[in-house]
Every structure is written in C-alpha cells, then in structure tokens.
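Asks: Structure provided below as structure tokens; questions to follow.
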Amino acid sequence: MTAPEDRARSAFAAEFGAAPDTVWTAPGRVNLIGEHTDYNGGYVLPFALPQRTAVAAGRLDRREWTVWSEVGRAAPVTFAEADLEPGRVTGWAGYLAAVVWALRDTGVDVPGARLTVASDVPVGSGLSSSAALECATLGALLDLAGSELPLDDWPALAQRAENVYVGMPCGIMDQAASSLCRADHALFLDCRSLETEQVPFTIADEGLAVLVVDTRAPHRHTDGEYAARRQTCEAAAARLGVDLLREVADLGQALAALAGDEVAVRRVRHVVTENQRVLDTMTLLRAGRTSEIGPLLTASHASLRDDYEVTVPELDVAVDAALAAGALGARMTGGGFGGCVIALVRTESADAVATAVSSAFAEHGFDVPAAFVAAPGPGAARA
Ligand code: GAF
Numbered sequence: 164m165t166a167p168e169d170r171a172r173s174a175f176a177a178e179f180g181a182a183p184d185t186v187w188t189a190p191g192r193v194n195l196i197g198e199h200t201d202y203n204g205g206y207v208l209p210f211a212l213p214q215r216t217a218v219a220a221g222r223l224d225r226r227e228w229t230v231w232s233e234v235g236r237a238a239p240v241t242f243a244e245a246d247l248e249p250g251r252v253t254g255w256a257g258y259l260a261a262v263v264w265a266l267r268d269t270g271v272d273v274p275g276a277r278l279t280v281a282s283d284v285p286v287g288s289g290l291s292s293s294a295a296l297e298c299a300t301l302g303a304l305l306d307l308a309g310s311e312l313p314l315d316d317w318p319a320l321a322q323r324a325e326n327v328y329v330g331m332p333c334g335i336m337d338q339a340a341s342s343l344c345r346a347d348h349a350l351f352l353d354c355r356s357l358e359t360e361q362v363p364f365t366i367a368d369e370g371l372a373v374l375v376v377d378t379r380a381p382h383r384h385t386d387g388e389y390a391a392r393r394q395t396c397e398a399a400a401a402r403l404g405v406d407l408l409r410e411v412a413d414l415g416q417a418l419a420a421l422a423g424d425e426v427a428v429r430r431v432r433h434v435v436t437e438n439q440r441v442l443d444t445m446t447l448l449r450a451g452r453t454s455e456i457g458p459l460l461t462a463s464h465a466s467l468r469d470d471y472e473v474t475v476p477e478l479d480v481a482v483d484a485a486l487a488a489g490a491l492g493a494r495m496t497g498g499g500f501g502g503c504v505i506a507l508v509r510t511e512s513a514d515a516v517a518t519a520v521s522s523a524f525a526e527h528g529f530d531v532p533a534a535f536v537a538a539p540g541p542g543a544a545r546a
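Each residue of the sequence shown is one higher than the one before, counting from 164 in the working numbering.
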C-alpha cells in the first residue's frame, strides 16, 4: 500500500484537478503508561505509532473549506465561515473544521482551502486517529496561512479544537504525542506544567518489543463515560481542596476524606497510584532497565479495571492471555471501553503472544483481534 501522504496527494489531484500546496502527516499513538492522568494534571508516557494520517491542502481564494477523506470515501464536505460555530460540522469533517476554528480563534488568518485526508491510523481503536487528523490539519493550515506556531503550542490548540468545537472533553496527551513525539523515543509529559522529556526507547536493541493488540471490541458508552470519569475527578479534587488530583500529597488521607463515596475513592486511588507508576517507569527507563517495567504496566491495567472501571471483557481477556503466553507486562492503552492492549514482550515471543490472544478471543466468541509490533515513530511533519 502506498504511503498516506502519496494517497492524499493523488486524491487531491483526482478530486480537485491540481497539486496541493502542502502536505503534512501526523501519527497515532500508544500510551506506555499514565492513563486518565492527563486531565488530572498528571504524567503520561506515550510514543508515536508508525501509522500516520496525511492531509494535503491547497489554498482557495474564497473563505470556504472543502474536505475529502479516503476513510469512508464519502462525497466531499464543504463548510463556510458561518459553519465555524463549535459543533456545526459533525463527523470526521468536524475535526478539520475544529482546527480551522481554533486557529482563527487565536488570530491566525486561515485562508479558504481544499483538503484531502488519507490515513493508516485505525479509526475508533483508541490509537488517537482524531489527534493525528487534528495535528496533520494544523500543520497544513499553518502553511497555507503562512504562519508559524511553535510546536510546543500545538497540543493546547489541537486539544481546544477537540474540547470546544468537537465537544469531546479529552486531556492533552494525544495531541501532545502526535505533535511532539520523536522517533525512537517515548514522550514523558507533565500535563500540569507541560514540561517534556524525550526518553530514548530503542527497545528492539534490548531484544524487546511492544505488541499492540486491537481488540476490535466495539466502543461502548465512550463519550459519556469518559466525561463522567473526568467529572468525578474534578468533584473529588474540589472536595479535597486541590485544583487537580495530581496535587494529592497523601493518598491515605485523601481516601479517608472521601470515605463513604466508594466511586470517588476508587477513581482517586487509580489516578494517584497511576501517576506514581509513571514515575517508577521513568526511573527504570532512565536506568536502562526496560525489561523490568512489565509489572508496572500490568498493575496499571488492574487499576484501570478495578478502580477506574474503564475496561471491557475483551481488554481483560487480551491482557490475561498475553501474560499467560509470556508477556513481561500488559495493559489497555488509551481511554478504554474497547480499543487496544499493549504487551511488552521479548521479540522472539511476539508471534506466540499474538496467537495466544487470538485463541483466547476465539474461545470467548469475540471478534478476531489484529496485532502488530510498534516501534516509536516521529511526530507531525511536513511530507
Ligand atoms: C483518551 C483522551 F483523549 C486522552 O486525553 C486521555 O485522557 C486518554 O483517553 C486516557 O488516558 O485518549
């Protein structure tokens, strides 16, 4: 299959009879550890997938945007300035409208444009296809506007596009991963200060691999449940007298203060312990002890299953099967309620672990999962 940037270019020529002025690509991501911590001001540790989304763009001399995507191969969607009210454009085209809106809202004079989208990032699998689309669109539109926006400012702008225009109350992790990640590195991000550290993650050299298993479980109640988790955390933080759960200094004291509210107790316990697991993972990675992070990944999954309650049977079965087949650690990655699992495996056992998960899925009558080994790729870039 040709690269998404080539497909986006060809589609542009086919749809609009011209060559695009610019093409950008941006990756999907997996998160190694640090789940549901970003909107609590905590720590995350994602890396960019090799799979990318490409956006080819050409300037128009009127304030109108026509967008086409190979995903779904539907007819092009056109929106005008009047449609840049948050929520007006929905579906996949809404993510492009959201970025036009967010850029204009910060004072960037975005010209009218035609855009084509091609993507290798699986959609709806929790691998951040939305952030990849937002970041590739952002790069392309900045070029058309002749504007520069420091890369460090991309995550907040793309997150705002998604929060306000699309209406999804996500944190900043996915947009940060898609714009700031570097090849062969994981991105350690403090979601309160937005400070970053690029952590070398060349695990193939250590005989290790990250196996990504897409459970293909249909997403269940994703948006409502995600918003509910976020709300519970914010309410608990207010009761504990902190701005963000990240600031909880004494977990025992916090849980005592929330006694009687079992749900809040569980959610807070997950967030606080998960932040610590990210820090512990970083300590091991900085010391070159990657093969020892497995138990932290597995503990993260247990916490997401039991305390945060965002797993589904497919995710739990995939993790259990991967561990039984010799994975060093395994966990769901992303928002949950379906989506993907990652397993840290010895390179030579990647196939056996993938096969074990497939067999377990067959036994449970689940859909056939898809698996691939992911090496950390680069963030958003002009193609
Ligand atoms: C989704 C969100 F978009 C992220 O911001 C993050 O909260 C994640 O779920 C859970 O860690 O991917």
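Glycine included, every Cβ here is placed at the ideal spot set by N, Cα and C. Just so you know, these numbers come straight off a predicted model, no measurement behind them.
Following a CB-centred definition, is I335 positioned closer than 8 Å to any heavy atom of the ligand GAF?
Replies: Taking the first residue of the sequence shown as position 1, residue 335 is located at position 172. Yes, the Cβ of I335 comes within 8 Å of a heavy atom of the ligand GAF.
Asks: Run the CB neighbour count on Q338, radius 10 Å, all protein chains shown included, and call it buried at 16 or more, exposed below.
Replies: Position 175 of the sequence shown, counted from the first residue, corresponds to residue 338. The residue is buried, with at least 16 neighbouring Cβ atoms inside 10 Å.
Asks: Quick one: is the Cβ of E369 within less than 8 Å of any heavy atom of the ligand GAF?
Replies: By 1-based counting over the sequence shown, the position of residue 369 is 206. For E369, the shortest C-beta to heavy atom distance toward the ligand GAF is 8 Å or greater.
Asks: My assumption, with CB atoms under 8 Å, is that D483 sits in contact with R468. Please give the rounded CB distance.
Replies: Position 320 of the sequence shown, counting from 1, holds the residue named residue 483. Position 305 of the sequence shown, counting from 1, holds the residue named residue 468. Wrong, their Cβ atoms sit about 10 Å apart, outside the cutoff.
Asks: State yes or no: is the C-beta of G257 within less than 9 Å of the C-beta of V329?
Replies: For the purposes of this step, residue 257 is taken as the residue at position 94 of the sequence shown. For the purposes of this step, residue 329 is taken as the residue at position 166 of the sequence shown. In this structure, V329 lies closer than 9 Å to G257 by Cβ.
Asks: Run through the DSSP bridge pairs and tell me what V375 is partnered with.
Replies: Translated into positions along the sequence shown, residue 375 becomes position 212. The partner list for V375 (beta bridge, DSSP) reads I505, F535.
Asks: Can the beta-carbon of G205 be found closer than 9 Å to that of V441?
Replies: Position 42 of the sequence shown holds residue 205. Position 278 of the sequence shown holds residue 441. Result yes, Cβ atoms of G205 and V441 sit closer than 9 Å.
Asks: What is the rounded straight-line gap between the Cα of A171 and the Cα of A219?
Replies: Position 8 of the sequence shown, counted from the first residue, corresponds to residue 171. Position 56 of the sequence shown, counted from the first residue, corresponds to residue 219. One C-alpha to the other measures close to 6 Å.
Asks: Should S342 go down as buried or exposed, given a rule of 16 or more other Cβ atoms within 10 Å for buried?
Replies: One-based indexing of the sequence shown puts residue 342 at position 179. Burial state of S342 is buried, judged by a 10 Å Cβ sphere holding 16 or more other Cβ atoms.
Asks: To the nearest whole angstrom, what separates the beta carbons of L259 and T300, a pair I think is in contact under 8 Å?
Replies: For this step, residue 259 is matched to residue 96 along the sequence shown. For this step, residue 300 is matched to residue 137 along the sequence shown. Contact between L259 and T300 holds, since their C-beta atoms are separated by about 5 Å, short of 8 Å.
Asks: Hey, is M445 close to the ligand GAF, as in C-beta under 8 Å from one of its heavy atoms?
Replies: As a first step, residue 445 must be located in the sequence shown, where it is residue number 282. It does not: the Cβ of M445 is nowhere closer than 8 Å to a heavy atom of the ligand GAF.
Asks: DSSP has S232 in a bridge; who is on the other side?
Replies: One-based indexing of the sequence shown puts residue 232 at position 69. Bridge partners of S232: V280.
Asks: Quick one: any contact between the stretch 510-522 and the stretch 388-396, if contact means 3 or more CB pairs under 8 Å?
Replies: no
Asks: Can you tell me whether E198 sits near the ligand GAF, meaning its C-beta is under 8 Å from at least one heavy atom of the ligand?
Replies: On the sequence shown, residue 198 is found 35 positions in, with the first residue counted as 1. Flag set: Cβ of E198 near the ligand GAF.
Asks: Just to confirm the assignment, what range does the alpha helix (DSSP H) spanning V240 have?
Replies: Along the sequence shown, read from residue 1 onward, the residue named residue 240 stands at position 77. Following the DSSP letters along the chain, one finds V240 in no alpha helix (DSSP H) but inside the beta strand (DSSP E) bounded by residues 240-243.
Asks: Quick test of your reading: P532 and V376, contact by CB under 8 Å. State the CB separation rounded to the nearest angstrom.
Replies: Translated into positions along the sequence shown, residue 532 becomes position 369. Translated into positions along the sequence shown, residue 376 becomes position 213. Their Cβ separation, rounded to whole angstroms, is 5 Å, which keeps P532 and V376 in contact under 8 Å.
Asks: Determine the burial state of S522: buried for a count of at least 16 other Cβ atoms within 10 Å of its Cβ, exposed for fewer.
Replies: Start at 1 with the first residue of the sequence shown, and residue 522 comes out as number 359. Label assigned to S522: exposed.
Asks: Quick one: grab the DSSP three-state call for A186.
Replies: Indexing the sequence shown from 1 puts residue 186 at position 23. The displayed chain sequence assigns Val, not Ala, to residue 186. V186: strand per DSSP, three-state reduction.
Asks: Mind checking whether A372 and A174 have CB atoms under 9 Å apart?
Replies: One-based indexing of the sequence shown puts residue 372 at position 209. One-based indexing of the sequence shown puts residue 174 at position 11. Going by C-beta atoms, A372 is not nearer than 9 Å to A174.
Asks: Looking only at its chain, what residues have a beta carbon closer than 6 Å to the beta carbon of W187, apart from the 5 residues adjacent to it on each side?
Replies: Within the sequence shown, numbered from 1, the residue matching residue 187 stands at position 24. The answer, listed in chain order, is V218, A299, G302, A303, R545.
Asks: How big is the Cα-Cα spacing for L307 and G254?
Replies: By 1-based counting over the sequence shown, the position of residue 307 is 144. By 1-based counting over the sequence shown, the position of residue 254 is 91. Using only the alpha carbons, I get a separation of about 24 Å.
Asks: Using the Cβ count rule (16 or more neighbours within 10 Å means buried), how would you classify T365?
Replies: Locating residue 365 in the sequence shown gives position 202, counting from the first residue. Exposed.
Asks: So, using beta-carbon positions, are A261 and G542 closer together than 9 Å?
Replies: For the purposes of this step, residue 261 is identified with residue 98 of the sequence shown, where counting begins at 1. For the purposes of this step, residue 542 is identified with residue 379 of the sequence shown, where counting begins at 1. No, the pair does not count as a contact, with Cβ atoms beyond the cut-off.
Asks: Can you tell me which residues form a DSSP beta bridge with M445?
Replies: Taking the first residue of the sequence shown as 1, we reach residue 445 at position 282. Note: M445 sits in no beta bridge, so no partner.
Asks: Excluding five sequence neighbours on each side, which residues of the same chain lie with their C-beta closer than 7 Å to the C-beta of I335?
Replies: Reading the sequence shown from its first residue, position 172 is the one you call residue 335. Taken in chain order, the residues that qualify are D201, P318, A319, Q322, C354.
Asks: Output the distance between the C-alpha atoms of R449 and L212, rounded to the nearest integer angstrom.
Replies: Against the sequence shown, residue 449 aligns to sequence position 286. Against the sequence shown, residue 212 aligns to sequence position 49. Spanning the two alpha carbons is a distance of roughly 21 Å.
Asks: When DSSP labels each residue in this structure, what does F364 get in the three-state scheme?
Replies: Taking the first residue of the sequence shown as position 1, residue 364 is located at position 201. In the structure shown, F364 sits in coil (DSSP, three-state: anything other than H, G, I, E or B).
Asks: According to DSSP, is F210 part of a helix, a strand, or is it coil?
Replies: Residue numbering aside, residue 210 sits at position 47 when the sequence shown is read from its first letter. Three-state DSSP puts F210 in a strand.
Asks: For a test of your reading of the model: does the CB of V271 fall under 8 Å from any non-hydrogen atom of the ligand GAF? Yes or no.
Replies: The sequence position of residue 271 within the sequence shown is 108, counting from 1. Answer for V271: no, Cβ out of range of the ligand GAF.
Asks: Does DSSP classify H382 as helix, strand or coil?
Replies: Numbered from its first residue, the sequence shown carries residue 382 at position 219. Correct three-state label for H382: coil.
Asks: To the nearest angstrom, how far is it from the Cα of L312 to the Cα of L266?
Replies: Start at 1 with the first residue of the sequence shown, and residue 312 comes out as number 149. Start at 1 with the first residue of the sequence shown, and residue 266 comes out as number 103. Taking the straight line joining both Cα atoms gives about 10 Å.
Asks: Apart from the five residues just before and just after V263, which ones in its own chain have a Cβ nearer than 7 Å to its Cβ?
Replies: One-based indexing of the sequence shown puts residue 263 at position 100. Taken in chain order, the residues that qualify are W228, L247, V273, L304.
Asks: Mind checking which residues open and close the alpha helix (DSSP H) that includes M495?
Replies: In the sequence shown, counting from the first residue as 1, residue 495 sits at position 332. M495 -> not in any alpha helix (DSSP H); beta strand (DSSP E) instead, spanning 492-496.
Asks: Using 8 Å as the cut-off, classify the Cβ of S342 as near or not near the heavy atoms of the ligand GAF, replying yes or no.
Replies: Within the sequence shown, the letter at position 179 stands for residue 342. Answer for S342: no, Cβ out of range of the ligand GAF.
Asks: Which value, in whole angstroms, describes the spacing of the CA atoms of D530 and A380?
Replies: Along the sequence shown, one-based indexing puts residue 530 at 367. Along the sequence shown, one-based indexing puts residue 380 at 217. Roughly 7 Å between the two C-alpha positions.
Asks: Compute the beta-carbon to beta-carbon distance between V434 and L408, rounded to the nearest angstrom, for a pair I have assumed lies under 8 Å.
Replies: The residue given as residue 434 occupies position 271 in the sequence shown. The residue given as residue 408 occupies position 245 in the sequence shown. V434 to L408, Cβ: 5 Å. Contact.
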